[in-house]
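In the numbering used here, the protein residues as written are 996 to 1490.
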């Protein structure tokens, strides 16, 4: 048993050392970067500056998003209630628009200072910059030419500022779900374009077929006076197919009149519905949903990887803390020392982040102490923590399978021993049964012997009583001379 305990302890130490080596290897410095990477490398000071910059603050992005929403609402109000295109007629809205232009220009300056030359790499930044330039162009044109009403193109593009909300919500945790949906739509744009191209081909084919079947009969238009509007040409028939595919009043305005004047066009309409409405559009939705699912899975994977790296880093720091607090420097920590060490505030916080309480850590010490020596190494303890927190790995499963197989072999040996003992017990039971039968016969014979003994004793008692009676009669009764017998004897003698 001692050799087995030592062997288990040595195996546990080897596994713990391997896991610690893997952790150190994961955090070891990678290979030397290339020259291109070195030219674009960032120092720790630069990363810290960007992390603490105003453009990286969540409240700043939220404020810009609110300003964009308010600006869009103001543009809608201006469109409905503006009294003219002249500057005097829309002076209040012009002042508000100028304030928004100053705000968005300040945002561009802040983001340029935040990202530096990398600002021009992000397409969203280029989009923001173009909208801000168009906004200031609209302001300058309105000031220089008061009667022009500003640059009409810039006024139209101002509505697209609401798309900048998409960029602003990217760093807000509260709106992370909305950003996943938007990112899924943006990532599937290639598939959307191909689906749109395939849909255009189908609409063209169905429109041409509908134009041939229903738009060539002039007498049919006498009954259906709107026929020229719907099937008068291929382009109009394509628009009709799009209306049918989107179910926009297609039954009353298209299907019923067309069925009456051109029954052969009925299969075309139903085939259009099945192919476009139930096929192409559903494929488009499925692609977007699939992209959103992939992005969500990737986010979860990245979050899980970050959590694993952080846990590995914390476990490595805990190993260093345990070695640092080993006062005797033997590499083994006794249970008394361990209880003191895990109550250090730093280790308590790390165990709390790992979701492990002090009581669980103390119970883990008892589990890891295989030979009950009262000491464990820091590596053994950390290996136990990893097995508690992490998922079962291949090596753990192999060890578990080997242990289970050994237990199965031991159980089979115990079963064989139990079967042998059962056979021995069965033999003993048979001998006991035969002995019991013999004892039963012997008890019957003893009962019969006792009955015979009683009979003999009774007979002897009667005999003894009879003998006593005869002795008593003999002692009290004397012999008497029989006169008759004497006389006869005399007569006989005389004769």
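For glycine and all other residues, C-beta sits at the position ideal for the given N, C-alpha and C.
If you measure between the beta carbons of residue 1088 and residue 1127, is that distance less than 8 Å?
Against a cut-off of 8 Å, the Cβ pair of residue 1127 and residue 1088 comes out as no contact.
When you compare only the Cα positions, how much space is there between residue 1204 and residue 1230?
Cα to Cα, the separation comes out at about 12 Å.
Am I right that residue 1263 and residue 1219 are in contact with their C-beta atoms under 8 Å? What's the rounded C-beta distance?
The Cβ separation is near 16 Å, so there is no contact.
Is the distance from the Cβ of residue 1208 to the Cβ of residue 1259 below 8 Å?
The answer is yes: Cβ separation under 8 Å.
For a test of the three-state rule: what should DSSP assign to residue 1116, helix, strand or coil?
Three-state result, residue 1116: coil.
What separation, rounded to the nearest whole angstrom, lies between the Cα atoms of residue 1025 and residue 1402?
Confidence at residue 1025 is low in this model, with a pLDDT of 47, below 50, so the placement of that residue should be treated as unreliable; the coordinate-derived value is given next. Distance between the alpha carbons of residue 1025 and residue 1402 is about 44 Å.
Does the Cβ-Cβ distance between residue 1316 and residue 1372 come in under 8 Å?
For residue 1316 and residue 1372, no; Cβs fall outside 8 Å.
Under 8 Å, do residue 1091 and residue 1069 count as touching if we go by C-beta distance?
Taking 8 Å as the Cβ cut-off, residue 1091 and residue 1069 qualify as a contacting pair.
Which of helix, strand or coil does DSSP assign to residue 1471?
If DSSP states are grouped into helix, strand and coil, residue 1471 belongs with the helices.
Mind checking whether residue 1200 and residue 1240 have CB atoms under 8 Å apart?
No, Cβ-Cβ distance for residue 1200 and residue 1240 is not below 8 Å.
Rounded to whole angstroms, what's the CA-CA distance from residue 1043 to residue 1305? Just pull it up for me.
Looking at the two C-alpha atoms, the distance is approximately 19 Å.
For residue 1101, report the span of its alpha helix (DSSP H) as first-last.
That run of the alpha helix (DSSP H) goes 1086-1110.
With a Cβ-Cβ cutoff of 8 Å, do residue 1113 and residue 1059 count as a contact?
In this structure, residue 1059 does not lie closer than 8 Å to residue 1113 by Cβ.
How would you call residue 1222, buried or exposed, if buried means at least 16 neighbouring beta carbons within 10 angstroms?
The residue in question, residue 1222, is buried, as its Cβ has 16 or more Cβ neighbours within 10 Å.
Between the Cα of residue 1313 and those of 1342, 1295, 1448, spot the shortest distance and give me the residue it belongs to.
For residue 1313, the nearest C-alpha among the options comes from 1342.
Between residue 1334 and residue 1378, what straight-line distance do the alpha-carbon atoms span, to the nearest angstrom?
Near 18 Å, if we compare the C-alpha coordinates of residue 1378 and residue 1334.
Starting from residue 1368, trace the alpha helix (DSSP H) in both directions and tell me its first and last residue.
First-last for residue 1368: undefined, no H or E at that position.
Can you give me the Cβ contacts of residue 1369 inside the same chain, cut-off strictly under 6 Å, excluding the 5 residues immediately before and after it?
If we look at residue 1369 and ignore the five residues flanking it on each side, its Cβ neighbours are 1329, 1330.
How long is the line joining the alpha carbons of residue 1249 and residue 1197, rounded to whole angstroms?
Cα to Cα, the separation comes out at about 18 Å.
Roughly how many angstroms separate the alpha carbons of residue 1300 and residue 1117, rounded to a whole number?
C-alpha separation (whole angstroms): 26 Å.
Rounded to the nearest angstrom, what separates residue 1228 and residue 1176 at their Cα positions?
Between residue 1228 and residue 1176, the C-alpha separation is close to 39 Å.
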